[in-house]
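If you read the sequence shown in the working numbering, its first letter stands for residue 584, the second for the next number, and so on.
No residue lacks a Cβ here, since even glycine has one placed at the ideal position from N, Cα and C.
Reading through the structure tokens given below for one structure.
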Amino acid sequence: MRVIATAGHVDHGKSSLVRALTGTDPDRWEEERRRGLTIDLGFAHTTVADAVGAEDISFVDVPGHVRFLRNMLAGVGGVDACLFVVAASEGWKPQSEEHLRILELVGVRNGVVALTKIDVLDDAELVELAALELSDHLAGTFLAEAPVIPVAAPTGDGVDELAAELAALARRTPASADRQRPRLWVDRAFAARGSGTVVTGTLTDGGLQTDQAVLVEPGGRPARIRAIQCHGEQVGSIGPGHRVALNLAGIDRIGVERGHVVVTPGRWHSTARLDASLSVLPTLDHEVSRRGAYVAYIGSGEQVVRLRVLGAAALAPGATGLVRLHLPVAIPLLPGDRYVLRETGRDETVGGGEVLDVAPVRPASRARPDRDVDRVVDERGWVPVDELELLTGERRPATVGRWVAAPAAVEAVLASVRQRIDEAGPLGVELAALDERQRAVVDTLDDVVVEATRVRTATTDDPLLDHPVVAQLAAGGLSPAPPDGVRPAELRALAQRGVLVELDGLWFHADALASAARLAADVLAAHPEGLTVSMFREAAGITRKHALPLLAELDARGVTRRRGDVRIPGPRLPAR
Ligand SMILES: Nc1nc2c(ncn2[C@@H]2O[C@H](COP(=O)(O)OP(=O)(O)OP(=O)(O)O)[C@@H](O)[C@H]2O)c(=O)[nH]1
Ligand SMILES: [Mg+2]
């Protein structure tokens, strides 16, 4: 399935072609049919075929009249390709030019051209001439190499050839990718018969299914998908790249309108401030600065924006530069989304571009946005993996802990940790005294030793660490025999290194405390009412002699807390 928008000057025969190809009149409104004019978007679908095979296509039929340009802009947001229409009898007209520019600005890269009304000319040479003139206008644009099909809607001449070219177009146009982050720009919203709200739009970037929880932006309004229709048929689920109607439960029709967006929770970053590129149309007769009343067309929406040119005061016609846009509401966007900028005072299309940063951190005076994910990481220093995906659309493996971190930012934290460890000497630093980022970089240091709850500099030649008493106490677990064959000074030094612990005159390996803490957590999970000494003794298989000092130490370390005869979880109780 590919979604194809029509485009071209008013009255050049767009809707007639859609009707000839699909059997459906895209002009839905009585007023449109009476006036013979498309006012709002129309929709139709069909299967077209050529010698290679059949393809399903959906049309979004747009109005050509300049007064309804905003409807045209709402229609071309999520489409895959275009059917560009020029009447041979009329030639190139203002909205031929403007629609072509807009299609380029919104990123459409594939299309077929229909040279319509050849029956009016009724002269092969004149048609040939019209085709030549047309190719001059298309030169240098994305339609330069597109097939041009002469057609006459009333006689049906050329319609089969056009259908075949549309099949080939559908095949060479890449399908909307499934990125597991569905987004549907609403182009129509109405109340369903019975109950609920129905929205329609072109679904991109991911699939949806019935009963799924969704958000309607702006405002993050929760709703549930009650039913999905694709081309009038009820379906349980639908993939990206389709024209879709959603029946939404839990949200009032009032307040849902064209330009709103349906997304899934947690998969999109909504923003009211963004950095973007701006290519100014070469035909504009003035430069673009922050002065002006601007409207940005993004997706199916129309946003009044404030604009600031970055790194310059103004952009000249034909130039491409950087801008910061401020929107009145936050909408779910990603770098790579396209927009068209219009100036409402002069009622002209100014240009358009690509979203580069959906959450700029630098002030406008220093911002130099681009699509580079490394730039986002550098500017932020530390970015959680999930957040980076929301900001850039790209999922990268974590470089440290749960973060993608900039090398310079990691260096800074490394330096601070190293200094703390060095200053602490052989005793080392309590891990709990470090923050989450510092703990994450400790794991990347190869010349430190993490022992139980402490980290210290690795002393490469430290014969004491090989002392048999260490292994002897480790083997003793929670009830080790008293150390023998070791001098008190050696025991003290090992205690300083955090290898051994002395509690009430009893010696333990430092790991014994970690196991005691885990044991306490296990017993507490089974006995939330509290841990008694005898419970702990039985679980550990030890006597009071060892149990009492171990429990007292757990209290002291905040693993447990004493409340009368029992102990309850403390802030440092290990997670199970
Ligand atoms: N003779 C002739 N008339 C055509 C042809 N195509 C369309 N028409 C007529 O031209 C008029 C406009 O056609 P539409 O299909 O409504 O044109 P449109 O491009 O959709 O117009 P808008 O949507 O308002 O921009 C209608 O009266 C059509 O019957 C054609 O190939 N030959
Ligand atoms: Mg029309």
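With DSSP as the reference, please indicate the residues paired to residue i in a beta bridge.
| i | result |
| --- | --- |
| Asn830 | Val781, Ala810 |
| Leu1017 | Bridge partners of Leu1017: none, in fact. |
| Leu1137 | Per DSSP, none; premise fails for Leu1137. |
| Pro646 | According to DSSP, Pro646 bridges with nothing at all. |
| Arg1150 | Leu1114, Arg1145 |
| Ser820 | Gln792 |
| Ile1125 | None, per the DSSP bridge assignment. |
| Ala774 | Thr780 |
| Gln886 | Ala879 |
| Asp1067 | DSSP, once it has assigned bridges, lists no residue as partnering Asp1067. |
| Val799 | Arg804, Val845 |
| Val892 | Val906 |
| Arg1039 | Val1032 |
| Ala938 | Correcting the residue identity first, residue 938 is Val in this sequence and not Ala. Per DSSP, Ala859. |
On the premise that residue j lies in contact with residue i, defined as a C-beta separation below 8 angstroms, what is that separation, rounded to the nearest angstrom?
| i | j | result |
| --- | --- | --- |
| Gly625 | Pro609 | 3 angstroms |
| Val1038 | Val1024 | About 11 angstroms; that fails the 8 angstroms criterion. |
| Val742 | Leu604 | 7 angstroms |
| Trp851 | Leu973 | 7 angstroms |
| Thr589 | Val645 | 6 angstroms |
| Gly875 | Gly928 | 7 angstroms |
| Leu721 | Val923 | With 8 angstroms as the limit, Leu721 and Val923 do not qualify as a contact, their Cβ atoms being about 20 angstroms apart. |
| Leu1061 | Ala1100 | With a Cβ gap of about 11 angstroms, Leu1061 and Ala1100 do not count as contacting. |
| Val888 | His909 | 6 angstroms |
| Pro1066 | Leu1074 | 6 angstroms |
| Val769 | Ala775 | Not really, about 14 angstroms apart at Cβ, beyond 8 angstroms. |
| Asp920 | Val938 | 4 angstroms |
| Ala879 | Gln886 | 5 angstroms |
Closest by CA to residue i, which one among the options?
| i | options | result |
| --- | --- | --- |
| Glu615 | Thr629, Leu604, Asp594 | Asp594 |
| Leu1048 | Val1082, Arg873, Glu1013, Leu688 | Val1082 |
| Ala1076 | His1050, Gly658, Asp1105, Ala1097 | His1050 |
| Ala989 | His825, Ile1004, Val968 | Val968 |
| Thr866 | Gly658, Glu681, Lys676, Gly674 | Glu681 |
| Thr783 | Gly674, Leu721, Ala772 | Ala772 |
| Ala525 | Asp663, Ala913, Leu1017 | No statement about residue 525 is possible, as the shown extent of the chain runs from 584 to 1159 and does not include it. |
| Val956 | Gly815, Thr1143, Val987 | Val987 |
| Arg925 | Arg836, Asp633, Ile1151, Val649 | Val649 |
| Ile685 | Glu1073, Gly1141, Phe667 | Phe667 |
| Ala758 | Met584, Val1052, Gly647 | Met584 |
| Ser641 | Gly875, Asp1067, Pro918, Cys813 | Cys813 |
| Gly894 | Ser853, Val844, Pro946 | Pro946 |
| Val586 | Ala746, Leu704, Thr756, Asp702 | Thr756 |
| Glu1161 | Glu1136, Pro801, Arg1080, Gly660 | Since the displayed the chain opens at 584 and closes at 1159, residue 1161 lies outside it and no answer follows. |
| Pro848 | Val799, Ala1093, Glu748, Leu971 | Val799 |
| Arg618 | Ser598, Asp633, Ser999 | Ser598 |
| Glu1013 | Thr1040, Asp1029, Ala995 | Thr1040 |
| Ser1160 | Val966, Thr787, Gly936, Asp706 | Lying outside 584 to 1159, the shown extent of the chain, residue 1160 is not represented and no answer is given. |
| Gly824 | Val731, Asp788, Arg804 | Asp788 |
Return the CA-CA distance between residue i and residue j, expressed in angstroms with no decimal places.
| i | j | result |
| --- | --- | --- |
| Pro733 | Leu752 | 16 angstroms |
| Ala1054 | Ala1139 | 26 angstroms |
| Ala992 | Val691 | 39 angstroms |
| Ser948 | Arg958 | 17 angstroms |
| Thr932 | Leu864 | 8 angstroms |
| Met1118 | Ile811 | 57 angstroms |
| Thr607 | Val601 | 7 angstroms |
| Thr785 | Pro952 | 29 angstroms |
| Cys665 | Leu698 | 14 angstroms |
| Ala899 | His869 | 7 angstroms |
| Leu1134 | Leu1056 | 18 angstroms |
| Pro911 | Ile808 | 27 angstroms |
| Leu717 | Ser679 | 10 angstroms |
| Gln795 | Glu977 | 24 angstroms |
| Leu1102 | Arg766 | 48 angstroms |
| Gly790 | Val818 | 12 angstroms |
| Asp1148 | Gly1141 | 17 angstroms |
| Gly884 | Phe651 | 14 angstroms |
| Arg1022 | Val1084 | 23 angstroms |
| Ser853 | Arg985 | 23 angstroms |
| Ala735 | Leu683 | 22 angstroms |
| Val1116 | Gly1068 | 32 angstroms |
| Val1032 | Leu831 | 57 angstroms |
| Leu905 | Ala913 | 20 angstroms |
| Arg611 | Thr621 | 9 angstroms |
| Val892 | Leu857 | 12 angstroms |
| Arg954 | Arg963 | 15 angstroms |
| Thr903 | Arg1155 | 56 angstroms |
When a residue counts only if its C-beta is closer than 5 angstroms to some heavy atom of ligand 2, which residues count, in chain order?
With 5 angstroms as the limit, the residues whose C-beta approaches any heavy atom of ligand 2 more closely are Lys597, Ser598, Thr621, in sequence along the chain.
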